[in-house]
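Chemist: Take a look at this one; I'll ask things after.
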Amino acid sequence: FYNCSKLTTLTNHDTWNLNFLEDASGMFNGCSKIASLNVRSWGLGNLTKAYNMFRDCKMLETLDGTYWWKPHLLSASYMFASCSKLQSLSLEGFDMSHVSDCQYMFSGCGSLSNLSQISNWNMSSVQIMTEMFNRCGALTSLDLKNWDLRSCSNMTALFFGCSSLFQLRLDNWKLSEAVDCRDMFRGCSSLEAITINGAAIKILANSSNGVMFINDVNLLQDDVVYDCQGSVNDNGVFEISSAEQHQEGLV
């Protein structure tokens, strides 16, 4: 159904059994007029690739996958990207324990206000989660404290543009290597400060990098834009090794 831009409905699609399917990449990519899909009975126990699966389904408002068999996904990048009208998304039962790439997974889902079912996902294999929640402007809270992200090396713009996000739980995150966190919280205009492993994260919504993982919140001044470099210490806290005032005119 790739790029079936005029397709509005699928007859009897709710009775399909797709347990044989291993690769659903781009399956509905570009189906910009479909408003709802019921995939509860599809049985996706053998699914390993789902990148771009529902990408650019711009009119899709509901997607029910409650009774999907637990897929052993390897890649979920762009899976729901640019589903700008998606309001209801059921992901109960998803097995993310083998996924290494989930970049842009929910990027551009600007109407999605609830992702509570992802709180206990096993994310221990994830290496790249660039812009996973980029421009999810309706999200007000995310509880991700149980995510194991020790394998992750790229969190660039992870929450970029989440303008309504005011509650963010990252309490138990442990990051074992230097992580690219550029623009991680940029545009999070409702988010003021959070804690991770007991260390303060100073957030400057208008900063160049958009994230400041620091032990000493007094290191940076309010209302000043910084370009920062650093690495993750043994306690899983990103420590700034250098912080230079951002030069006007640079992006």
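Per this note's numbering: the sequence shown = residues 196 to 446.
Think of the CB as a built atom: it goes at the ideal place given N, C-alpha and C, for glycine as much as any other residue.
(1) Exposed or buried, residue 217, counting other C-beta atoms within 10 Å across all chains shown (16 or more means buried)?
(2) Would you be able to state if there are at least three C-beta pairs under 8 Å between the region 304-317 and the region 326-333?
(3) Return helix, strand or coil for residue 293, following the three-state DSSP convention.
(4) Compute the distance between the beta-carbons of residue 226 and residue 258, then report whether it is under 9 Å.
(5) Examine the ligand NAP and report whether any of its heavy atoms sits within less than 8 Å of the Cβ of residue 347.
(6) Return yes when the Cβ of residue 336 is within less than 9 Å of the Cβ of residue 377, no when it is not.
(7) Taking buried to mean at least 16 other C-beta atoms within 10 Å of its own C-beta, is residue 351 buried or exposed?
(8) From residue 356 to residue 367, what does the alpha carbon distance come to, in whole angstroms?
(9) Out of 381, 250, 221 and 212, state which residue places its alpha-carbon closest to the alpha-carbon of residue 302.
(10) Residue 318 and residue 272: beta carbons closer than 9 Å?
(11) Let's test the definition: count the other Cβ atoms within 10 Å of the Cβ of residue 326 and tell me whether it reaches 16, buried, or not, exposed.
(12) Going by CA-CA distance only, name the one from 274, 239, 243 and 270 that's closest to residue 223.
(13) Since residue 336 is in the beta strand (DSSP E), which residue starts that stretch and which ends it?
(14) When you compare only the Cα positions, how much space is there between residue 229 and residue 323?
(15) By how many angstroms is the C-alpha of residue 385 removed from the C-alpha of residue 362?
(16) Does the beta-carbon of residue 214 have 16 or more other beta-carbons within 10 angstroms, so that it is buried, or is it exposed?
(17) What would DSSP say about residue 220, mapped onto helix, strand or coil?
(18) Can the beta-carbon of residue 286 be found less than 9 Å from the beta-carbon of residue 310?
(19) For a quick check, are the C-beta atoms of residue 255 and residue 231 less than 9 Å apart?
(20) Please report the distance separating the alpha-carbon of residue 313 from that of residue 197.
(21) Can you find the residues in the same chain that come closer than 8 Å, C-beta to C-beta, to residue 207, ignoring five residues on each side of it along the sequence?
(22) Just to confirm, is the Cβ distance from residue 247 to residue 283 under 9 Å?
Modeler: The answer reads as follows:
(1) exposed
(2) yes
(3) Looking at residue 293 - three-state DSSP - the assignment turns out to be coil, as it is neither helix nor strand.
(4) No, the pair does not count as a contact, with Cβ atoms beyond the cut-off.
(5) Ligands in the displayed structure: none, and consequently the ligand NAP is not present.
(6) One thing to note: residue 377 has its Cβ no nearer than 9 Å to the Cβ of residue 336.
(7) buried
(8) 23 Å
(9) Considering only alpha carbons, the answer is 250.
(10) Not a contact, by the Cβ cut-off of 9 Å.
(11) buried
(12) 274
(13) 336-338
(14) 29 Å
(15) 9 Å
(16) Its Cβ having fewer than 16 others within 10 Å, residue 214 is exposed.
(17) coil
(18) yes
(19) yes
(20) 27 Å
(21) none
(22) Taking the C-beta atoms as reference points, residue 283 is found no nearer than 9 Å to residue 247.
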